[in-house]
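Accompanying notes for the structure given below.
Residue numbers (the working numbering): 4 to 93.
Spelled out as structure tokens, the structure:
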């Protein structure tokens, strides 16, 4: 009887260990997926910043070509930036 109980407990323990190992592997896969998504999001943010920087430079260069004073160009750039910042908030 004692041997039977010991055998049942050992199988139960083995089953629990296997389930824990499966859960650990699932958690690792989920963490890896989250890391990939985070990296992709960071890359998207960098690209958006680069595009925004390029647009500012183009606007500045356009102002120079049209002969506007630098103060007006900078005021226009700042005003445009403020509008872009406020747009998503509203």
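Every residue gets a Cβ at the ideal spot worked out from N, C-alpha and C, and that includes glycine.
> Are the segment 76-87 and the segment 52-67 in contact at 8 Å, needing three or more beta carbon pairs?
Replying inline: Taking a cut-off of 8 Å for Cβ pairs, the segment 76-87 and the segment 52-67 touch, as three or more such pairs fall below it.
> Is it the case that the Cβ atoms of residue 76 and residue 67 are separated by a distance below 8 Å?
Replying inline: Taking C-beta atoms as the reference points, residue 76 and residue 67 count as a pair closer than 8 Å.
> What is the DSSP secondary structure of residue 1, counted as helix, strand or coil?
Replying inline: Nothing about residue 1 can be read from this structure; the chain reaches only from 4 to 93.
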